[in-house]
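Working notes for the structure below.
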Amino acid sequence: MNLDDLDKIKKVLGKDEEYVASKVLHDLMHYSPNLVYHFYSLIPAKYSWPMEKTRWGLPKLIKKMEGKKIKLPPPKESLLKMSVADALKLRRSIRRFKNQPINVEQLSTLLYYSVGIKGSSWGIPLRMFPSAGALQPIETYVQVNNVTDLARGIYHYEPDEHILVLLKAGDYSREMYLYTLQQEHVRDAPVNIILTIMLNRTQSKYGYRAYRYALLDTGHVGENIYLVSTAMGLGTCAVGAYYDKDIDKLIGVDGIKEFSMIIYPVGVPK
Ligand SMILES: Cc1cc2nc3c(=O)[nH]c(=O)nc-3n(C[C@H](O)[C@H](O)[C@H](O)COP(=O)(O)O)c2cc1C
């Protein structure tokens, strides 16, 4: 198998011969497992995508969870203290945090300007990040270690009401540290923001291309978190190295319909 053989995929996809496509992708798996994601995403949206998974109506775009609701204070724009140009220039991955809490107003502002809802268009929420087909596959969880006036625990952020829903109370900093291959910045951060993907939202329109779009959506959110944190005088660092199953279990998602994708510890830079 070499890269020239990949031309076969294009020919195969011209016909309706899924079994040949599977064979090519199987060979590709031995050549470079990573490329399988990419080549699946080249399959046009409608090709062989099971009709029952295609959307008849708009999928539900906001997950609602059971638990104690905590109303966040209104986001405060004045906490963002610099231009986009300055935030871009200053942004770094911050891995050392002061042993200092952030406050709930800062958390509210960070969540709102990173993943919040800023309006609606044709009844569809408009988010702070662009999203393929406006299908918004991303959900946001917050593991709280040290936020003034907010109990430690794991929360789900619900952008339609701008609330946190408490899923599990308690100190999960040790679990977070162990599950992220002992990254100290995760253990020491006042909060860790965990992004998940509910792929069915994007799949309902884009079929095989959905994984590609969902990752791109996640990246856009990630940059929001970086820039908003920087503008607020806070710091963050994308953390992709972790044991997925453990983090998924900790936040209570099944790893199939919904799976974690990346973690952002946020705190006051040292
Ligand atoms: C998808 C992704 C995953 C990352 N995973 C980790 C990680 O697990 N641990 C870590 O310390 N940094 C991680 N980083 C941060 C990078 O190491 C960092 O962005 C890079 O070194 C460039 O530095 P800068 O962000 O300060 O410009 C990750 C970055 C990205 C975009």
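565 is the number of the first residue of the sequence shown in our numbering; add one for each residue after it. Glycine is no exception: its CB is placed at the ideal position from the N, C-alpha and C atoms. Just so we're clear, the structure is a prediction, and the values are computed from it rather than from any experiment.
- In this structure, DSSP gives Gly786 a helical state, which the three-state scheme calls helix.
- Arg691 is classed as buried because its beta carbon has at least 16 other beta carbons within 10 Å across all chains shown.
- In terms of CA proximity to Tyr741, Ile811 leads the group Lys645, Ile811, Ile820.
- Annotation for Met796: Leu643, Leu644, Lys645, Gln670, Thr673, Leu674 place their beta carbon closer than 8 Å to its own, counting only its chain and skipping 5 residues before and after.
- For Phe603, the enclosing alpha helix (DSSP H) begins and ends at 597–604.
- Separation of Tyr772 and Leu780 (C-alpha to C-alpha, rounded to the nearest whole angstrom) is 14 Å.
- The alpha carbon of Asn788 has as its nearest neighbour, out of Val729, Leu652, Ser768, the alpha carbon of Leu652.
- With 16 or more neighbouring CB atoms inside 10 Å of its own CB, Pro723 falls in the buried class.
- Residue nearest to Ser695 within the set His749, His784, Ser596, Cys801 is His784 (criterion: CA-CA distance).
- Counting along the chain, Asn756 sits inside the beta strand (DSSP E) bounded by residues 755–762.
- Beta-bridge annotation (DSSP): Arg691 is paired with Ile681.
- At least one heavy atom of ligand 1 falls within 7 Å of the beta-carbon of Ala802.
- Per the C-alpha coordinates, the member of Leu798, Lys682, Asn764, Gln664 positioned closest to Asp752 is Gln664.
- Nearest neighbour of Val792 by Cα position, chosen from Tyr736, Gly804, Gly831, Arg659, turns out to be Gly831.
- Distances from the CA of Pro829 to each of Tyr806, Lys821, Phe823, Asp818 were compared; the closest alpha carbon is that of Tyr806.
- An exposed status is given to Met593, since fewer than 16 other beta-carbon atoms sit within 10 Å of its beta-carbon.
- The three-state reading of DSSP puts Thr704 in strand, counting E and B together.
- The criterion of a C-beta distance shorter than 8 Å is not satisfied by Thr744 and Ile658.
- In this model, Lys587 and Ile718 are separated by some 43 Å (Cα to Cα).
- Between Ile757 and the set Gln767, Glu739, Tyr721, Asp650, the nearest pair of CA atoms involves Tyr721.
- In this structure, the alpha-carbon of Leu699 lies about 18 Å from that of Ile820.
- In the DSSP assignment, Leu728 is bridged to Ile634, Tyr721.
- Classified as exposed, Pro638 has fewer than 16 neighbouring CB atoms from the shown chains inside 10 Å of its CB.
- Counting the other CB atoms within 10 Å of its CB gives Pro597 a total below 16, which places it among the exposed residues.
- Distance from the C-beta of Ser793 to the nearest heavy atom of ligand 1 is not below 7 Å.
- Close CB contacts of Ile626 within its chain, under the 6 Å cut and outside five residues either way in sequence, are with Asp724 (chain order).
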